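Engineer: Below are the structure tokens for one structure; questions will follow.
Protein chains: 2
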Amino acid sequence: MIKVILLGAGNVATHLVNAFQSSENVQLTQMYNRDKEKLTPFKGRVKTTTHMKNLEVADFYILALKDDIIEEVASKMPKVDGIVAHTSGGKSIEALSRFKAYGVFYPLQSFSKNRWVNFKEIPLCLEANSKENLEKLKFLGKEISGSINEVSSEDRKVLHAAAVFANNFTNHLYQIAEDICKQNGLSFELLKPLIKETAAKISDLSPRDAQTGPALRDDRQTIATHLETLPEEYRDLYKFLTASIQKSHGKEL
Amino acid sequence: MIKVILLGAGNVATHLVNAFQSSENVQLTQMYNRDKEKLTPFKGRVKTTTHMKNLEVADFYILALKDDIIEEVASKMPKVDGIVAHTSGGKSIEALSRFKAYGVFYPLQSFSKNRWVNFKEIPLCLEANSKENLEKLKFLGKEISGSINEVSSEDRKVLHAAAVFANNFTNHLYQIAEDICKQNGLSFELLKPLIKETAAKISDLSPRDAQTGPALRDDRQTIATHLETLPEEYRDLYKFLTASIQKSHGKEL
Numbered sequence: 032m033i034k035v036i037l038l039g040a041g042n043v044a045t046h047l048v049n050a051f052q053s054s055e056n057v058q059l060t061q062m063y064n065r066d067k068e069k070l071t072p073f074k075g076r077v078k079t080t081t082h083m084k085n086l087e088v089a090d091f092y093i094l095a096l097k098d099d100i101i102e103e104v105a106s107k108m109p110k111v112d113g114i115v116a117h118t119s120g121g122k123s124i125e126a127l128s129r130f131k132a133y134g135v136f137y138p139l140q141s142f143s144k145n146r147w148v149n150f151k152e153i154p155l156c157l158e159a160n161s162k163e164n165l166e167k168l169k170f171l172g173k174e175i176s177g178s179i180n181e182v183s184s185e186d187r188k189v190l191h192a193a194a195v196f197a198n199n200f201t202n203h204l205y206q207i208a209e210d211i212c213k214q215n216g217l218s219f220e221l222l223k224p225l226i227k228e229t230a231a232k233i234s235d236l237s238p239r240d241a242q243t244g245p246a247l248r249d250d251r252q253t254i255a256t257h258l259e260t261l262p263e264e265y266r267d268l269y270k271f272l273t274a275s276i277q278k279s280h281g282k283e284l
Numbered sequence: 032m033i034k035v036i037l038l039g040a041g042n043v044a045t046h047l048v049n050a051f052q053s054s055e056n057v058q059l060t061q062m063y064n065r066d067k068e069k070l071t072p073f074k075g076r077v078k079t080t081t082h083m084k085n086l087e088v089a090d091f092y093i094l095a096l097k098d099d100i101i102e103e104v105a106s107k108m109p110k111v112d113g114i115v116a117h118t119s120g121g122k123s124i125e126a127l128s129r130f131k132a133y134g135v136f137y138p139l140q141s142f143s144k145n146r147w148v149n150f151k152e153i154p155l156c157l158e159a160n161s162k163e164n165l166e167k168l169k170f171l172g173k174e175i176s177g178s179i180n181e182v183s184s185e186d187r188k189v190l191h192a193a194a195v196f197a198n199n200f201t202n203h204l205y206q207i208a209e210d211i212c213k214q215n216g217l218s219f220e221l222l223k224p225l226i227k228e229t230a231a232k233i234s235d236l237s238p239r240d241a242q243t244g245p246a247l248r249d250d251r252q253t254i255a256t257h258l259e260t261l262p263e264e265y266r267d268l269y270k271f272l273t274a275s276i277q278k279s280h281g282k283e284l
């Protein structure tokens, strides 16, 4: 049995509990969080503790914590023999360098508390302070995901920045589309099939080849009509993104 | 039997052929296109013609044409008795005002030639020059879609502008994410599950509530790291979208 202790009780931790408990070869030994209340949802499923001194012995200590408290929590941990790894996209592996064996166990996905995701499909980006420890992290990773990737801290930073475009910024555009609908008394439901298909399309087609629309065609009449139609607060962004599409597709304007 | 003639042979026309031919109550009487070659893929499935004078009699004439040729093609049509409707998101219903009975039959989706979509789920936005003709268009629409919506030309313009955010601009962000990966030798495959989940999430959650990330948290350290990490050409857009998220969520910065 691979013994795992989870530190944290947020969205990533919650999804990891489900993933680890679905694996026959993993024993989720314990969960730690300093706030007792946050551990309540896990009672009965995992042993929990709010005290570092009660931390048991395990093969892996996974810190599923917000970026800004990883070092603080790590500094309070005993100097364990198992591998200590955080799940952050943005933090360097060196945040955990006080341990003998350390690494990164970053699931590249956006987790929400009440949405189930198939963990098997989530790319795990792994890094460790030695080849041996990397192999161990891969061994654990394979128990829960079908996509195991060795990614350096430098590359992970890049991925994390790219993920902001693919997730945060994309979601913001959805929100703008919703706002535009609402401000005009139109149902956002009308746009949902389009949003789903836009995302689904990239399985078959590179986004560069999938690009369509007035910006790409340099259809100035439609662009002008849209700018008139849009709420004022979104006009500059429309112009900026239109210019970005045209630049990126080598339109000479 | 409802008799339909399609004018056009592009992506929208192709998907409409499939949709109409799946309905037991619709007879796709004929397809028109001025370019014979473009009709080749439909040979054997539908009667085709390249001459307006050969246009048969039908209940509906659906103009699945690019915006800039709708009026031109319409001007060459005989003054038919059936309802003439275009499928454009951006064109006013008045583009077809030379006919007795006219309207709009706009499927709100992004169509690609080689991707099947379930037409039943595509919102149809309908408009007509009379109540009676609107009812007729609804009657036809229900044969192929489960989402029938009466949308005025004004509202359709708004929806079309919102769709640019939900589709064109979103796809552009995917392309940027792909570029960032490629420029650093990373596989874009790593981001695909994230992209799919970001889109899937809005079924349950308003995009406003689904927003996460360094911009929303005003996590200046992560933002600074991303800006350093990004290819220079995408830094301004990163800043612009970060500011837009913060403005839109009422951060006082």
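Chains A and B are the protein sequences, given in the same order.
First residue of the first sequence? That's 32 in the numbering used here, and the numbers climb one at a time after it.
First residue of the second sequence? That's 32 in the numbering used here, and the numbers climb one at a time after it.
Every residue, glycine too, gets a C-beta built ideally from N, C-alpha and C.
Fair warning: this is a prediction, and the values are worked out from it, not measured in the lab.
Could you tell me the boundaries of the alpha helix (DSSP H) in which A/G172 lies?
Structural biologist: Counted as a single uninterrupted DSSP element, the alpha helix (DSSP H) harbouring A/G172 occupies residues 162-175.
Engineer: From which residue to which residue does the beta strand (DSSP E) around B/S178 run?
Structural biologist: Start and end: 178-181.
Engineer: Would B/A132 and B/E102 be called neighbours here (beta carbons separated by less than 8 Å)?
Structural biologist: no
Engineer: Using a 10 Å radius around the Cβ and a threshold of 16 neighbouring Cβ atoms, would you call B/V88 buried or exposed?
Structural biologist: With a threshold of 16 other beta carbon atoms within 10 Å, B/V88 falls short and is exposed.
Engineer: With DSSP as the reference, please indicate the residues paired to A/V115 in a beta bridge.
Structural biologist: In DSSP, A/V115 forms a bridge with A/Y92, A/Y133.
Engineer: What does DSSP give as the partner residues of B/P238 in its beta bridges?
Structural biologist: DSSP, once it has assigned bridges, lists no residue as partnering B/P238.
Engineer: Name the residue from B/P72, B/R239, B/D66, B/R65 whose alpha carbon lies nearest to the alpha carbon of B/N49.
Structural biologist: B/P72
Engineer: Identify whether A/K151 lies in helix, strand or coil by the three-state DSSP scheme.
Structural biologist: helix
Engineer: For A/V57, write down the residues that DSSP places opposite it in a beta bridge.
Structural biologist: A/I33
Engineer: Identify the residues that DSSP records as bridge partners of B/Y63: which are they?
Structural biologist: B/L38, B/T80
Engineer: If you draw a straight line from the alpha carbon of A/D112 to that of A/E166, how long is it in whole angstroms?
Structural biologist: A/D112 and A/E166: Cα-Cα distance of roughly 16 Å.
Engineer: Can you name the residues of chain B whose CB is closer than 9 Å to the CB of A/L236?
Structural biologist: S143, N145, R146
Engineer: With 8 Å set as the bound, which would you pick, yes or no: does the beta-carbon of A/Q140 sit closer than that to a beta-carbon of chain B?
Structural biologist: yes
Engineer: Short check: CB of A/S143 to CB of B/L236, under 8 Å?
Structural biologist: yes
Engineer: For the alpha helix (DSSP H) containing A/N145, name the first residue and the last one.
Structural biologist: Element bounds for A/N145: n/a, residue is neither H nor E.
Engineer: Indicate the three-state DSSP secondary structure (helix, strand or coil) for A/L284 in the structure shown.
Structural biologist: Annotation note: pLDDT 45 at A/L284 (below 50); position unreliable, coordinate value reported separately. Three-state DSSP puts A/L284 in coil, outside helix and strand.
Engineer: Quick one: is B/P206 buried, meaning 16 or more other Cβ sit within 10 Å of its Cβ, or exposed?
Structural biologist: For the record, residue 206 of chain B in the displayed sequence is Gln; it is not Pro. When all chains shown are included, B/Q206 counts as buried.
Engineer: For chain B, is any of its Cβ atoms less than 8 Å away from the one on A/L272?
Structural biologist: yes
Engineer: Check for me: the alpha helix (DSSP H) holding B/N202 runs from which residue to which?
Structural biologist: For B/N202, the enclosing alpha helix (DSSP H) starts and ends at 201-214.
Engineer: On the DSSP letters alone, give me the boundaries of the alpha helix (DSSP H) that A/F271 sits inside.
Structural biologist: Element bounds for A/F271: 266-279.
Engineer: Please state the DSSP three-state secondary structure of A/P262.
Structural biologist: DSSP places A/P262 in coil when its eight states are reduced to three.
Engineer: Do three or more CB pairs link the stretch 266-281 of chain A to the stretch 140-155 of chain B at distances below 8 Å?
Structural biologist: Result no; under three Cβ-Cβ pairs closer than 8 Å.
Engineer: Comparing the C-beta of B/V43 with each C-beta of chain A, is any distance below 8 Å?
Structural biologist: no
Engineer: Can you list the residues of chain B that A/L261 reaches, using a CB-CB cut of under 7 Å?
Structural biologist: A192
Engineer: On a Cα-Cα basis, can you pick out the residue from A/S106, A/S53, A/A40 that is closest to A/E174?
Structural biologist: The shortest C-alpha separation from A/E174 is found at A/S53.
Engineer: Could you pull the start and end residues of the alpha helix (DSSP H) that A/P224 belongs to?
Structural biologist: 223-232
Engineer: Between A/N199 and chain B, is any beta-carbon pair separated by less than 8 Å?
Structural biologist: yes
Engineer: Taking C-beta pairs closer than 7 Å, name the residues in chain A that B/V189 reaches, listed in chain order.
Structural biologist: Those within 7 Å of B/V189 in chain A are I211, N215, L217, T260.
Engineer: What's the call for B/K151, buried or exposed, on a 16-neighbour Cβ count within 10 Å?
Structural biologist: exposed
Engineer: Tell me, please, whether the CB atom of B/E158 is closer than 8 Å to any CB atom in chain A?
Structural biologist: no
Engineer: Tell me, to the nearest whole angstrom, how far the beta carbon of B/N164 is from that of B/G134; I am working on the premise that it is less than 8 Å.
Structural biologist: 6 Å
Engineer: What does the Cβ neighbour count give for A/R187, buried or exposed, with the cut at 16 atoms within 10 Å?
Structural biologist: Residue burial annotation: A/R187 is buried, with at least 16 other C-beta atoms found within 10 angstroms of its C-beta.
Engineer: Once the 5 residues before and after B/N39 are set aside, which same chain residues still bring their CB inside 6 Å of it?
Structural biologist: Inspection of the sequence shows that residue 39 of chain B is occupied by Gly rather than by Asn. If we look at B/G39 and ignore the five residues flanking it on each side, its Cβ neighbours are A95, L96.
Engineer: Mark A/P15 as exposed unless 16 or more other C-beta atoms lie within 10 angstroms of its C-beta, in which case mark it buried.
Structural biologist: Since the first and last residues shown for chain A are 32 and 284, residue 15 of chain A lies out of range.
Engineer: Skipping 5 residues on each side, what residues in its chain have a beta carbon closer than 7 Å to that of A/A194?
Structural biologist: G120, L139
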